[in-house]
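31 is the number of the first residue of the sequence shown in the numbering used here; add one for each residue after it.
Written out below as structure tokens is the structure these notes cover.
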Amino acid sequence: MKDIDNLFKESDLGIVILSELGDVISANAIFKQWLGTDEPLTSTKLMQSFKTLEIHIKKLKSASDLKHLKCNLELHRIGLARPLEIQGLLIANKQEGSNVSYGLICWPNDDVKLTTTESPSSKLNELILNIPTGIITLNKEWECDFINPEFSILTEKSDNELYGKGWLGLFKNESGQLAKLINDATKYGVSRTELTLNSIGKPTKTLEFKFKARLSDNGLFESGFGALIDISDRVIHEAKIYKLANYDSITNLPNRRATQENLSKYLQNAVQTNQSLQLLYINLDGFRGINDLYGHQIGDKILQGVSERIINLTRSSDVVSRFGGDEFIILVPGNATDDDVDELAEAIIAEINTPFYFDELQLHISASIGIAKFKPDLQKTNFPENYVQLMVKDLIQRADLTVYCAKQAGKNQYIRFSNDKTQKVTELYHILQKLPSAIENNLFTMMYQPIIDAQTGKLTAVEALIRWYDKDTQWIAPDQFIPIAETHGKILSVQQCMINKVCQDISTTLNHFAMSENHIRITINLSPVQLADPKGLLIFLSNIQRRGIKPNQITLEITEHMLVEETPALIKCLTNLESQGFTIALDDFGTGYSSLSYLATVPMSTIKLDKSFVDTIETSASQKALVKGVIFLAKSLKLKVVAEGVENKAQMDILTELGCDYIQGYLIAKPMKPEALIKWLENKDG
Ligand code: C2E
Ligand code: CA
Numbered sequence: 031m032k033d034i035d036n037l038f039k040e041s042d043l044g045i046v047i048l049s050e051l052g053d054v055i056s057a058n059a060i061f062k063q064w065l066g067t068d069e070p071l072t073s074t075k076l077m078q079s080f081k082t083l084e085i086h087i088k089k090l091k092s093a094s095d096l097k098h099l100k101c102n103l104e105l106h107r108i109g110l111a112r113p114l115e116i117q118g119l120l121i122a123n124k125q126e127g128s129n130v131s132y133g134l135i136c137w138p139n140d141d142v143k144l145t146t147t148e149s150p151s152s153k154l155n156e157l158i159l160n161i162p163t164g165i166i167t168l169n170k171e172w173e174c175d176f177i178n179p180e181f182s183i184l185t186e187k188s189d190n191e192l193y194g195k196g197w198l199g200l201f202k203n204e205s206g207q208l209a210k211l212i213n214d215a216t217k218y219g220v221s222r223t224e225l226t227l228n229s230i231g232k233p234t235k236t237l238e239f240k241f242k243a244r245l246s247d248n249g250l251f252e253s254g255f256g257a258l259i260d261i262s263d264r265v266i267h268e269a270k271i272y273k274l275a276n277y278d279s280i281t282n283l284p285n286r287r288a289t290q291e292n293l294s295k296y297l298q299n300a301v302q303t304n305q306s307l308q309l310l311y312i313n314l315d316g317f318r319g320i321n322d323l324y325g326h327q328i329g330d331k332i333l334q335g336v337s338e339r340i341i342n343l344t345r346s347s348d349v350v351s352r353f354g355g356d357e358f359i360i361l362v363p364g365n366a367t368d369d370d371v372d373e374l375a376e377a378i379i380a381e382i383n384t385p386f387y388f389d390e391l392q393l394h395i396s397a398s399i400g401i402a403k404f405k406p407d408l409q410k411t412n413f414p415e416n417y418v419q420l421m422v423k424d425l426i427q428r429a430d431l432t433v434y435c436a437k438q439a440g441k442n443q444y445i446r447f448s449n450d451k452t453q454k455v456t457e458l459y460h461i462l463q464k465l466p467s468a469i470e471n472n473l474f475t476m477m478y479q480p481i482i483d484a485q486t487g488k489l490t491a492v493e494a495l496i497r498w499y500d501k502d503t504q505w506i507a508p509d510q511f512i513p514i515a516e517t518h519g520k521i522l523s524v525q526q527c528m529i530n531k532v533c534q535d536i537s538t539t540l541n542h543f544a545m546s547e548n549h550i551r552i553t554i555n556l557s558p559v560q561l562a563d564p565k566g567l568l569i570f571l572s573n574i575q576r577r578g579i580k581p582n583q584i585t586l587e588i589t590e591h592m593l594v595e596e597t598p599a600l601i602k603c604l605t606n607l608e609s610q611g612f613t614i615a616l617d618d619f620g621t622g623y624s625s626l627s628y629l630a631t632v633p634m635s636t637i638k639l640d641k642s643f644v645d646t647i648e649t650s651a652s653q654k655a656l657v658k659g660v661i662f663l664a665k666s667l668k669l670k671v672v673a674e675g676v677e678n679k680a681q682m683d684i685l686t687e688l689g690c691d692y693i694q695g696y697l698i699a700k701p702m703k704p705e706a707l708i709k710w711l712e713n714k715d716g
């Protein structure tokens, strides 16, 4: 027995005894040495080191007449250049009445000495074999000399396929990536890449491969260490986030953000290749009405239908996207001719005109289109750094203004932007170009138009009307730039410039005629954009008060259009303003909203009868009757009436006779600069 014990201990054969359940009962020293452990050997470690051992045991177990089995094993262990081929004899100890046990006697296939010198501590060994990161080490020749089990699991390749140069053929489709990885590692010492693995019947796997190289003093590659992890979940998640951030969920088209990025890429390419690029800006007509009338579900279906129709008409090289609520953009790259693009615009308009059907419902819709073109400037050789960004903005702006003009011209049509100065769109384009600097330098001036008491002729208020002095075009009227400022996010700044000037005029020139004491108000025109943001409006007005101007000196003019969305927040805001002492007047009365119910619900003290009512009052009996009715209605609601645009005495007399309270118009005076207003007042009173 002692001899057997000695043999067990001192033999240079590896010997291990296992229980029926695979637990290690004992292992001789050489066996433990091979596996790189001094500690008691666990079954897990044994099975990790000899991956196929379990299969052999099962085979032996299931064959009742078999007492032993020859087996070829591979020993996996950190520190080994590659898995070592081991031959073994697996013996079953099947004694009657007792449990089966197994013995494995084994020896290396070749003469490799399995010393422990290069074996790391057992803890590290354990870690490397179990860590959920694939690990690979490479020798000087870029040959794989070690991989841990996770590496072959992740790559779905056997050790034989991976050892040596084999690993390089791993990702056939990613040879470029691997070449770059190697190149970067040799250059910088570290590198990283992502590899995709497509196995038949399995989802695509993305693996992140980080690599570190050990370089010699003269920069030559000596050895390398790679770590591989599965980042498929992260990649899928990122792709979802990308889709959410860049695609519109209703139409599945690229959204505004992606459009701008695409446009930037396409423009870059157009600049580099000297090609033109055209942009069609499509805006649906009356879409908001459909949404309000039939609900968002129908609205969404229309948007989907429109996007399908547009896509069907475009070429595969064109890029269609949804730029905003009811706005689509098509990029037509590659030197397309103007005729081709115009034809596309015509076809889109015709196609959108075809009714949409939803069960019994038949809906008609139309679209306005603005076309702008980027033409490479062949003379230009020096481009500013932000040239492409400037062009992106410019192209969108030109197309957008052109749509605006198409709408103004009656909708359901396309217009192409041109540099022809006589075109409205060119004028608007220049206005929009110059507006930021006009705002920055406050190039606005305020003119004041008197409003007098119809009975006494006394001055009761002056309406502040903005003008923009531009050195090229001289005076620009508000009708020209206010709507553009409103649709292009500039109106709040314009209003701020306006109020600054008004405050300045009050504190300097205008106070000359003691406005407060004489109860003369200044009326200012608010923008719908301000009314849509009651909080912002309150801040805007509190600034006036900080400059010493009292609310009871100010009348705020709002228009009927602003009341279409008569929200509780708006009513609350206007009530609050009235209680502070501001008066509210309804401007351009009779030109906008047809419902009169808001006259009773929206806090206001005055209505301003639009000039169109006044124009024919002295010649048209029906017009006179209409004005009489309006004044009667206003009186019954305890509202004051201002008549706007009064140009002759006959008009004024009729309006006074009908009970109109105040008169404003060229008959009294045109809008004037503050100094002229003072003179006018002095002459009047004098
Ligand atoms: P509005 O509020 O209806 O202003 C009255 C317009 O009628 C003024 O034109 C005024 O000069 C003009 N007007 C007054 N009496 C007569 C008349 O007897 N005959 C004729 N033919 N016209 C008369 P203006 O100053 O060109 O302003 C046009 C519009 O621009 C204003 O219409 C208002 O909607 C807007 N606006 C003017 N200033 C501002 C401002 O500071 N802010 C905002 N948001 N809009 C402004
Ligand atoms: Ca007004």
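All C-beta atoms, glycine included, are put in the ideal place defined by N, C-alpha and C.
Query: Determine the extent of the alpha helix (DSSP H) in which F728 is found, giving its start and end residues.; Result: Nothing in the structure corresponds to residue 728, since the chain is present only between 31 and 716.
Query: Assign T147 to one of three DSSP states: helix, strand, or coil.; Result: With a pLDDT of 41 at T147, under the threshold of 50, the modelled position of this residue cannot be trusted, and the question is left open.
Query: Within the continuous beta strand (DSSP E) that includes C101, where are the two ends?; Result: H98 to L105
Query: Measuring only the C-alpha atoms, how far is H106 from Y272?; Result: 42 Å
Query: Which residues does DSSP pair with K580 in a beta bridge?; Result: Paired residue(s): none; K580 is not in a bridge.
Query: Should P480 be listed as close to ligand 1, given that the test is whether its C-beta is under 7 Å from any heavy atom?; Result: no
Query: Could you check the C-alpha separation between I698 and A468 for me, to the nearest Å?; Result: 31 Å
Query: Should N313 and V433 be called a contact, given that it needs their Cβ atoms to be closer than 8 Å?; Result: yes
Query: Which stretch, first to last residue, makes up the beta strand (DSSP E) that contains E115?; Result: L114 to N123
Query: Can you list, in chain order, the residues of its chain with a C-beta nearer than 7 Å to that of S557? Leave out the 5 residues immediately preceding and following it.; Result: E516, I521 and Q525
Query: Exposed or buried, Y696, counting other C-beta atoms within 10 Å across all chains shown (16 or more means buried)?; Result: exposed
Query: Taking only runs of the beta strand (DSSP E) that begin and end inside the region 463-551, which ones reach a length of at least 3 residues, in chain order?; Result: 474-483, 489-500 and 504-506
Query: Beta-carbon within less than 7 Å of Q681's beta-carbon, same chain only, minus the 5 sequence neighbours each way: which residues are those?; Result: V644, I647 and E648
Query: What does R264 pair with, by DSSP beta-bridge criteria?; Result: Paired residues: none, contrary to the question.
Query: Considering only heavy atoms of ligand 2, does any lie closer than 7 Å to the CB of E677?; Result: no
Query: How is the alpha helix (DSSP H) around L83 delimited, first residue to last?; Result: L83 to S92
Query: In the DSSP output, which residue or residues are listed as bridge partners for M702?; Result: Y478
Query: Comparing C-alpha positions only, which one of L656, N606 and G611 sits nearest to F619?; Result: L656
Query: Can you tell me the Cα-Cα spacing of D68 and K62, whole angstroms?; Result: 6 Å
Query: Rounding to the nearest angstrom, what Cα-Cα distance links S347 and G566 in this structure?; Result: 44 Å
Query: CB-CB under 8 Å to D315, same chain, minus the five flanking residues each way: which ones, in chain order?; Result: I395, S396, A397, S398, K437, K441 and N442
Query: With H, G and I counted as helix, E and B as strand and the rest as coil, what does DSSP make of Q327?; Result: helix
Query: Which residue's Cα is closest to the Cα of G364: Y311, R286, N299 and R318?; Result: N299
Query: Near I588, which residues of its chain fall below 7 Å by C-beta distance, leaving aside the five closest residues on each side in sequence?; Result: L556, L561, I614, L616 and D617
Query: Could you give the distance in angstroms between the alpha-carbon of H98 and the alpha-carbon of K153?; Result: 33 Å
Query: Mind checking G659: buried by the 16 CB within 10 Å criterion, or exposed?; Result: exposed
Query: Exposed or buried, which one is G355 when buried takes at least 16 other CB atoms within 10 Å?; Result: exposed
Query: Taking 8 Å as the cut-off, decide whether the C-beta atoms of Q28 and M545 are in contact.; Result: Not covered by the structure: residue 28. The range shown for the chain is 31 to 716.
Query: Which word fits E148, buried or exposed, when buried means at least 16 other C-beta atoms lie within 10 angstroms of its C-beta?; Result: No answer about E148 holds up, because its pLDDT of 46 lies below 50 and its placement is not dependable.
Query: Mapping the DSSP letters down to three states, classify L361 as helix, strand or coil.; Result: strand
Query: Tell whether a beta-carbon distance below 8 Å holds between Y478 and L333.; Result: no
Query: Where does R345 fall in DSSP's three states?; Result: coil
Query: Alpha carbon to alpha carbon, how far is T234 from A429?; Result: 42 Å
Query: Is it right to say S205 is buried, meaning 16 or more other beta carbons lie within 10 angstroms of its own, or is it exposed?; Result: exposed
Query: Going by DSSP, name the residue or residues bridged to E238.; Result: E224 and I259
Query: How long is the line joining the alpha carbons of V632 and I382, rounded to whole angstroms?; Result: 39 Å
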